[in-house]
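In the working numbering, the protein residues as written are 7 to 162.
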């Protein structure tokens with residue numbers, strides 16, 4: 007089929023893949039590399055640099071989830087096309103690269119501390135979750151203590 011006979015055109019949805027939306031996502035992602043490059047300039051990743059990049063990555067990750075949730079809502083209400091859904095998923099994955107940058111810098115900071123083993127990584131993950139999760143009653147704390155005992159036993 008030649009291009010002159012083509013009667014089907016892709017409908018343009020500026021709310022999804024207009025030049026403003028794409029430019030904002032591209033600039034946001036390129037700007038995400040600036041703190042990472044700055045942190046690597048001296049060859050070490052300081053804890054305050056890692057905390058700043060974590061905050062930035064979390065904010066951009068929330069934006070990525072918001073894009074996906076808006077796509078789900080639009081698909082249910084306005085009959086989102088497959089092409090528009092593909093654009094949204096691509097932009098969302100692009101936003102997720104900042105989380106990967108944070109992960110690489112976290113690994114670099116851990117490597118600077120010296121050789122690591124899997125149990126020290128497990129303790130870091132467990133401490134991270136424990137610092138962010140609170141329980142409403144004493145029974146939950148007891149069940150978490152039991153879970154901690156089971157996990158400690160499995161590690162041995």
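Glycine included, each C-beta is placed from N, C-alpha and C at the ideal position.
Reference residue i, options the options, closest by Cα
i	options	result
residue 63	137, 118, 108	108
residue 23	58, 93, 17	93
residue 69	25, 99, 119	99
residue 57	67, 48, 41, 49	41
residue 21	44, 112, 90, 121	90
residue 47	139, 25, 111, 26	111
Where residue i falls, given that 16 or more other Cβ within 10 Å makes a residue buried
i	result
residue 130	exposed
residue 38	buried
residue 66	buried
residue 31	buried
Beta-carbon spacing of residue i, residue j below 8 Å
i	j	result
residue 77	residue 86	yes
residue 50	residue 118	yes
Whole-angstrom C-beta distance between residue j and residue i, which should lie under 8 Å
i	j	result
residue 103	residue 35	6 Å
The ligand SAM heavy atom lying under 7 Å from the CB of residue i
i	result
residue 121	Annotation note on the ligand SAM: not contained in the displayed structure, which lists no ligands.
For residue i, three-class secondary structure by DSSP
i	result
residue 133	helix
residue 81	helix
residue 119	coil
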